[in-house]
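In the numbering used here, the protein residues as written are 57 to 129.
C-beta: ideal position from N, C-alpha, C; glycine also.
As structure tokens, the structure follows; a few thoughts come after it.
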């Protein structure tokens, strides 16, 4: 299933928020919100910048951190 058809499927199901993580050419998070049966981009979080997303829950995220291995002590 393509990204476009997956988003359409979720929109038809009435899922209000749609987050898409892309890694090429660099990690970024696209946050969409359902409006009129389609998703509109509300936030595009770019690597190296902390973005704040309010819905469906408040969170701060920097997509660059999603590609770094977790360090254990």
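Query, Result
"What's the C-alpha gap between residue 80 and residue 102?", "12 Å"
"Which first and last residues belong to the alpha helix (DSSP H) in which residue 71 is found?", "Unbroken run through residue 71: none, as it is neither H nor E."
"Just the Cα atoms here: how many angstroms apart are residue 117 and residue 57?", "27 Å"
"Grouping DSSP H, G and I as helix and E and B as strand, with all else coil, what is residue 90?", "strand"
"Where does residue 82 sit, in a helix, a strand or coil, going by DSSP?", "coil"
"For the putative contact between residue 74 and residue 92, defined by C-beta atoms under 8 Å, what is the C-beta separation to the nearest angstrom?", "Actually they do not touch by this definition, with Cβ atoms about 14 Å apart."
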